[in-house]
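Using full-length UniProt numbering, the letters of the sequence shown map in sequence onto residues 1 to 286.
Report on the structure given below.
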Amino acid sequence: MLVNTEQEFNLAYKYGADERLSVTKEDVDTLKNDWLTDNTIAFWEEYLEREELCKHPSSHIVLLRPSMAFMLMQTPDPLTLKEALPNFSQTTHIFLPINDAPSVTVAEGGSHWSLLLVSIIDGVAFHYDSLTPSNYNEAKLATDKLTILLGKSLRFMNLKDSPQQENSSDCGIFVCIQMRHLLLKKLLSANSREKVSMSMSGKLVDASGGRKEILKTIEGFRKEGQKRRSFVFPFILYFLQSFMKANTHLIIDKMNHTLHLLFQNSRETREIHQELIEYLYAKINL
C-alpha cells in the first residue's frame, strides 16, 4: 500500500515549497486497476508541464485540465469562459481529456476517457479514442465549442486507427500515455518546418506499465515531501525555542502586564503568573 489513511497527500516538487500538487488515497487506488479520476489525469498533466514542457520555453502548448475541458463542453456559450480559461492567443496546440459524463449535475457520471489534440496552427482536431467510437459525439462537441472560442475553423478527425484497450478500465491510462507520446515524440521533438504525422497507428500502449510508472512518480514525490518535512519541522522547532530563550523575559513581562489587567487580586495574579512561568520554561527546555 502506498498510504494507509484517507488523508490527502501533499506532493512537494523541487521547484519550491509553495508549488504543490495533491492526490488522494482514492486517486492512488484507481491507479492500481481501476478507472482513473480526473484528479489523477490532472496530476499527470501538471507533471508533464513541470518536468517536460518547462524544458521548451519557446513552445506554446496547453494541457487543459479535465475539469476545464468538461466545463467547456457543458457551457452553452464558450465565449463566457474566456476569463476562466488560459489565454490561447499564442497557443499552437491544446490537449483536452474528454469525458462522457452527461451533465454537471451527475457526480462522477462518466464512464470513459478519450483524448482530443487540437492543432490550432493546422486547424485540425485529432481524436484518440481507445474504445472508438465511444466518445465521438463528446469530442466533436468540444471541437465545435473551441471553434467558437478561438474564432477559427477546426476540422474534426476521429482517428479510427488509435490503439484500443483490452478491458473497460484502461481508458484514462491510454489518455495519459498517448498524451506524453504525442507531446514528446511528435510535437516537442519535431523540426518546425517538417510535417509530422499525428497518427498513433501501431503504437503499443503498455497500460499496466503506465499505471506502475505514475504510481512510482507519485511515490517519489511523496518521499520527497516527507524528506522536506523531516528537515523543516525540526528547524522550525529549534528556531522557536531559540527565540523563546532569547526573549523569555520580554514574554514574561508581557504576560505579567496582561495578568495585572485581568486580575485585581495580587495573590491570584502571582499564582497564575508563577504557573505560566513554569509552563513556559518547561516548553523552552523540551
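Glycine included, each C-beta is placed from N, C-alpha and C at the ideal position.
This one's a predicted model, so the numbers in the text were calculated from it and none came from an experiment.
Between the alpha carbons of residue i and residue j, how many angstroms are there, rounded?
{"i": "D144", "j": "K227", "result": "47 Å"}
{"i": "W44", "j": "N99", "result": "16 Å"}
{"i": "S111", "j": "E52", "result": "29 Å"}
{"i": "S103", "j": "T80", "result": "18 Å"}
{"i": "L72", "j": "S134", "result": "19 Å"}
{"i": "E224", "j": "L48", "result": "18 Å"}
{"i": "K140", "j": "G151", "result": "16 Å"}
{"i": "E166", "j": "A207", "result": "10 Å"}
{"i": "E83", "j": "H181", "result": "30 Å"}
{"i": "W113", "j": "E194", "result": "31 Å"}
{"i": "N158", "j": "S119", "result": "14 Å"}
Compare the Cα-Cα distances from residue i to each of the options and report the closest residue.
{"i": "N33", "options": "S134, D170 and M71", "result": "D170"}
{"i": "L149", "options": "N39, W35, T75 and E49", "result": "T75"}
{"i": "M179", "options": "F70, L64 and T37", "result": "L64"}
{"i": "V196", "options": "F70, E166, V205 and L183", "result": "L183"}
{"i": "E138", "options": "A101, N167, R155 and I121", "result": "A101"}
{"i": "F174", "options": "E213, E49 and K55", "result": "E213"}
{"i": "H56", "options": "G210, A190, G209 and M68", "result": "A190"}
{"i": "E26", "options": "F221, L215 and F70", "result": "L215"}
{"i": "G202", "options": "L36, S58, Q164 and I121", "result": "Q164"}
{"i": "L188", "options": "C54, W35 and D77", "result": "C54"}
Mind checking who residue i pairs with in its DSSP beta bridge?
{"i": "M200", "result": "Paired residue(s): none; M200 is not in a bridge."}
{"i": "L188", "result": "DSSP, once it has assigned bridges, lists no residue as partnering L188."}
Closer than 8 Å by C-beta to residue i: which residues in its own chain qualify, once you throw out the five before and the five after it? Chain order, please.
{"i": "V62", "result": "P86, F88, T91, H93, I94 and F95"}
{"i": "R155", "result": "G123, V124 and A125"}
Along the chain, where does the beta strand (DSSP E) that runs through residue i open and close?
{"i": "H93", "result": "H93 to N99"}
{"i": "F126", "result": "V124 to Y128"}
{"i": "R155", "result": "R155 to N158"}
{"i": "L63", "result": "I61 to L63"}
{"i": "L117", "result": "W113 to S119"}
What span of residues does the alpha helix (DSSP H) with residue i cover, start to end?
{"i": "N33", "result": "K25 to N33"}
{"i": "F70", "result": "P66 to Q74"}
{"i": "E83", "result": "Taken as a continuous stretch (DSSP letters only), E83 belongs to no alpha helix (DSSP H), as it is neither H nor E."}
{"i": "residue 292", "result": "No statement about residue 292 is possible, as the shown extent of the chain runs from 1 to 286 and does not include it."}
{"i": "C54", "result": "That residue, C54, is in no alpha helix (DSSP H); it is neither H nor E in DSSP."}
{"i": "F88", "result": "That residue, F88, is in no alpha helix (DSSP H); it is neither H nor E in DSSP."}
{"i": "G172", "result": "C171 to H181"}
In chain order, what residues of the same chain have a beta carbon less than 7 Å from the beta carbon of residue i, not counting five sequence neighbours either side?
{"i": "S162", "result": "Y128, D129, S130, T132 and M200"}
{"i": "S153", "result": "G123 and T147"}
{"i": "P66", "result": "D38, I41, A42, P97 and N99"}
{"i": "G210", "result": "I173, C176 and I177"}
{"i": "H160", "result": "For the sequence presented, residue 160 should be read as Lys rather than His. Correct list, in chain order: T132."}
{"i": "A69", "result": "L96, P97, I98 and A142"}
{"i": "A186", "result": "Inspection of the sequence shows that residue 186 is occupied by Lys rather than by Ala. Once the five neighbours on either side are set aside, the close Cβ partners of K186 are V196 and M198."}
Going by beta carbon distance, what residues of the same chain come within less than 6 Å of residue i, once the five residues before and after it are set aside?
{"i": "H60", "result": "Q90, T91 and T92"}
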